[in-house]
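A.B. asks: End of the sequence shown = 306 in numbering that gives the first Met the number 0, gap-free, step of one.
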Amino acid sequence: MKKIIFCSSIVITVVLFISVYFYQNQERMTLSKEPEQNETQENNSSDEPELQPVNNDAVGYTLQNNELHITFNHGSDWIKVPVEKDSLFSGEYTGNRQELIVGSYILTEKKVAFLYSDDTDETNKIVIKYSNDQGETWQKGVVAESFPFMRFRKIAFLNNQFGYVILSGDRTMSQEYSLSFLTHDGGKTWEETSEPGNTRLLVDGGFVDENTGFMSFGTINPEEPDLYVTQDGGNTWSEAVIPIPKKYDKIFVQAELPVKEGDHLAVLVNQGPQGDYKGGKVKGKFISKDNGLMWDFSTEVQSMEVE
């Protein structure tokens with residue numbers, strides 16, 4: 000009987016020993032795995048979201064992670080643009096900050112450019128950062144050494160060398176300062192043109208060739224088009240004459256940017272922000288055969304803008 004009890008005690012002791020041994024090993028294995036899992040979770044949580052283009056154009060861009068990136072292959076590869084995001088939205092008008100301000104940039108296969116304010120030296124310079132080799136190298140051009148806080152801004156190039164910038168700022172009520180700048184070397188250097196002599200709020204502006212440019216004014220309750228033209232590269236400006244047929248008096252009130260059309264220029268005059276003639280979706284088309292000084296009514300055209 001004693002032998003049976005002794006043997007039973009030994010068996011119980013061995014079983015307990017084995018149980019304790021396996022329990023301790025299992026606990027050590029569990030503890031050793033936890034840091035790996037935590038490390039994986041930390042790595043996953045620090046992963047930045049995949050960049051997604053804002054636009055659907057051939058050259059895309061994104062403002063994710065508070066940085067500006069561009070892509071030439073629909074997001075497969077991204078190039079960081081050396082511009083601070085906040086600089087792109089500085090000024091009186093800042094947009095929604097989710098998309099670049101319309102008119103403030105150029106995105107083509109041959110040239111990308113971004114217009115913005117640079118106040119790093121306590122002067123509000125207007126500059127462009129641009130690349131002619133799809134972002135491999137970047138250059139900076141100073142458009143204006145000093146300019147008031149921008150409201151309207153626009154940059155465009157008509158060819159590899161000639162481009163223009165149209166700016167307005169320093170608004171007080173319904174008055175502001177407007178000016179255009181030209182480059183003849185692809186954006187490296189810029190020259191200021193003369194003032195147009197109109198302080199109403201700027202609607203739009205631009206050049207159709209190196210000599211002929213326009214600036215359209217009147218954004219608040221316009222009653223007739225207010226278009227200025229230069230035919231000497233901005234040295235002088237004149238008020239264009241746009242006789243409105245009596246039928247359209249106070250209907251077609253705001254001139255858009257003229258364009259070249261065959262052997263003449265054409266301009267659309269819209270109904271302004273409050274127009275309701277034919278639902279506000281009709282514009283007047285006018286033709287000029289003297290390069291923008293005199294305009295004649297041509298026809299009504301349907302607006303292509305999406306309401």
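Built from N, CA and C at the ideal position, the CB exists for glycine as well.
#1: Looking at residue 202 and residue 291, is the spacing between their C-beta atoms short of 8 Å?
#2: Note down, in chain order, each residue of its chain lying with its Cβ closer than 8 Å to the Cβ of residue 196, except the 5 sequence neighbours on either side.
#3: Roughly how far, in whole angstroms, is the beta-carbon of residue 115 from the beta-carbon of residue 126, given that I think they are within contact range, below 8 Å?
#4: Nearest by alpha-carbon distance to residue 56: which of 72, 62, 138 and 49 is it?
#5: Quick one: what's residue 214 bridged to in DSSP?
#6: Output needed for residue 98: all residues of its chain with C-beta closer than 7 Å, excluding positions within five of it in sequence on either side, in chain order.
#7: Determine the direct distance from the alpha carbon of residue 190 to that of residue 262, and round the result to whole angstroms.
#8: How would you write the range of the beta strand (DSSP E) that residue 199 sits in, first residue to last?
#9: Express the C-alpha separation of residue 80 and residue 50 in angstroms, rounding to a whole number.
#10: So residue 281 is in the beta strand (DSSP E); what residue range does that whole segment cover?
#11: Out of curiosity, what's the CA-to-CA distance linking residue 88 and residue 154?
#12: Residue 166 and residue 148: beta carbons closer than 8 Å?
#13: Go ahead and pull the three-state DSSP assignment for residue 84.
#14: Would you give the residue range spanned by the beta strand (DSSP E) that residue 243 belongs to?
#15: Using the beta-carbon count (16 or more within 10 Å), is residue 96 buried or exposed?
#16: Looking at residue 140 and residue 186, is the spacing between their C-beta atoms short of 8 Å?
#17: I think residue 281 touches residue 253, with their Cβ atoms under 8 Å apart; what is that distance to the nearest whole Å?
#18: Would you mind working out which of 137, 295 and 103 sits nearest residue 204, comparing C-alpha positions?
C.D. replies: Looking at the coordinates:
#1: For the purposes of this step, residue 291 is taken as residue 292 along the sequence shown, with counting starting at 1. For the purposes of this step, residue 202 is taken as residue 203 along the sequence shown, with counting starting at 1. No, they are not a contact pair.
#2: On the sequence shown, residue 196 is found 197 positions in, with the first residue counted as 1. Excluding positions up to five away in sequence, the list reads 227 and 236.
#3: Within the sequence shown, residue 115 is the residue found at index 116, counting from 1. Within the sequence shown, residue 126 is the residue found at index 127, counting from 1. Correct: roughly 7 Å between the Cβ atoms.
#4: Reading the sequence shown from its first residue, position 57 is the one you call residue 56. The residue with the shortest Cα to Cα distance from residue 56 is 72.
#5: As a working note, residue 214 is residue 215 in the sequence shown. Answer by DSSP bridge pairing, in chain order: 204 and 227.
#6: By one-based count along the sequence shown, residue 98 stands at place 99. The answer, listed in chain order, is 53.
#7: In the sequence shown, counting from the first residue as 1, residue 262 sits at position 263. In the sequence shown, counting from the first residue as 1, residue 190 sits at position 191. Distance between the alpha carbons of residue 262 and residue 190 is about 29 Å.
#8: Position 200 of the sequence shown, counted from the start, is the residue given in the question as residue 199. Element bounds for residue 199: n/a, residue is neither H nor E.
#9: The residue you call residue 50 lines up with position 51 of the sequence shown. The residue you call residue 80 lines up with position 81 of the sequence shown. Their backbone Cα atoms lie some 14 Å apart in a straight line.
#10: Mapped onto the sequence shown, residue 281 falls at position 282. Run containing residue 281: 281-287, per the beta strand (DSSP E) assignment.
#11: Along the sequence shown, read from residue 1 onward, the residue named residue 88 stands at position 89. Along the sequence shown, read from residue 1 onward, the residue named residue 154 stands at position 155. Going by the C-alpha atoms only, they are around 15 Å apart.
#12: Taking the first residue of the sequence shown as position 1, residue 166 is located at position 167. Taking the first residue of the sequence shown as position 1, residue 148 is located at position 149. No, the pair does not count as a contact, with Cβ atoms beyond the cut-off.
#13: By one-based count along the sequence shown, residue 84 stands at place 85. Note: residue 84 maps to helix in three-state DSSP.
#14: Taking the first residue of the sequence shown as position 1, residue 243 is located at position 244. First-last for residue 243: undefined, no H or E at that position.
#15: Mapped onto the sequence shown, residue 96 falls at position 97. So residue 96 ends up on the exposed side.
#16: Indexing the sequence shown from 1 puts residue 186 at position 187. Indexing the sequence shown from 1 puts residue 140 at position 141. Yes, the pair counts as a contact, with Cβ atoms nearer than the cut-off.
#17: To locate residue 281, count along the sequence shown from 1; it is residue 282. To locate residue 253, count along the sequence shown from 1; it is residue 254. Rounded, the Cβ-Cβ distance is 13 Å, inconsistent with contact.
#18: Position 205 of the sequence shown holds residue 204. Residue 204 has its Cα closest to that of 103, out of 137, 295 and 103.
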